[in-house]
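The structure under discussion appears below in the form of structure tokens.
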Amino acid sequence: MSEYLAPVFARLTLSSLFRAIRHGWEMFLITRPLSVSYAMIFAVIGVVILIGIERASFAPMIFPLAGGFMLVGPVLLSGFFAMADRVRRDELCRFSDIVHGFSRTSREMLTIALVCTLLFMIWVADVATVYGFTVGRVPASLLTLFFPSKMFFRS
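Take 43 as the starting number for the sequence shown in this note's numbering and just add one per residue.
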């Protein structure tokens, strides 16, 4: 039978929070081109999804989908963790290191990713059902969410 060590909890102080932010900023400055490129992949995917939802006139679904992404997003940190490992060892970071970071992800993390993906799919199905019952098949564009219809149609 293996023994598990109990977690050690450290008190979070304001100075430790600033230290963590400073350390993260320094890490970003070291890996700036790679970090920005990696993040841009998901920004572009988000814009493509946004445009697709707008073209399909399902704009009210934008907000629940963006909120539900928070369930799937943490798994994508594996790439950033791989970069942090390389920086800690004073090695040069390459995009292949990000891909390799996903292959080194633990089985537990992949299980959590699977569960979060399933929760995301349930979330989207529930939101689509509520959308269908409340809005129906009335198409809605992004502009109708931000501006009342009275601004566009005068009686």
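Backbone N, C-alpha and C fix where the C-beta goes; we use that ideal spot for every residue, glycine too.
C-alpha gap between residue i and residue j, whole angstroms
{"i": "Leu54", "j": "Ala62", "result": "11 Å"}
{"i": "Ser120", "j": "Glu68", "result": "19 Å"}
{"i": "Val89", "j": "Ile95", "result": "10 Å"}
{"i": "Phe195", "j": "Arg74", "result": "Only weak support exists for where Phe195 lies, its pLDDT of 47 falling under 50; the coordinates are left without a value."}
{"i": "Pro85", "j": "Ile93", "result": "Note that residue 85 corresponds to Ala in the displayed sequence, not to Pro. If I take the Cα positions, the gap works out to 12 Å."}
{"i": "Leu59", "j": "Asp127", "result": "21 Å"}
{"i": "Val177", "j": "Arg131", "result": "54 Å"}
{"i": "Met151", "j": "Tyr173", "result": "32 Å"}
{"i": "Phe123", "j": "Thr147", "result": "10 Å"}
{"i": "Trp165", "j": "Phe100", "result": "16 Å"}
{"i": "Leu76", "j": "His65", "result": "17 Å"}
{"i": "Ile104", "j": "Ile91", "result": "9 Å"}
Test item: CB-CB of residue i and residue j under 7 Å
{"i": "Val117", "j": "Ala155", "result": "yes"}
{"i": "Val129", "j": "Ile72", "result": "yes"}
Proximity test, Cβ basis, 7 Å: residue i and chain C
{"i": "Arg146", "result": "The structure shown contains no chain C; it holds only a single protein chain."}
Review point. Taking one C-beta from the segment 155-170 and one from the segment 105-114 each time, how about it: are there three or more such pairs within less than 8 Å?
Key: yes
Review point. Is it a yes or a no for the segment 131-149 touching the segment 72-92, going by three-plus beta-carbon pairs under 8 Å?
Key: Yes: the two stretches touch, three or more of their Cβ pairs being nearer than 8 Å.
Review point. What are the start and end residues of each continuous alpha helix (DSSP H) run of 4 or more residues lying completely inside the segment 43-76, in chain order?
Key: 56-72
Point to revise | Ranges of the alpha helix (DSSP H) found wholly within the segment 62-150, counting only runs of at least 4 | key: Those alpha helix (DSSP H) runs which fall completely within the segment 62-150 and span 4+ residues are 74-97, 104-114, 119-130, 137-145.
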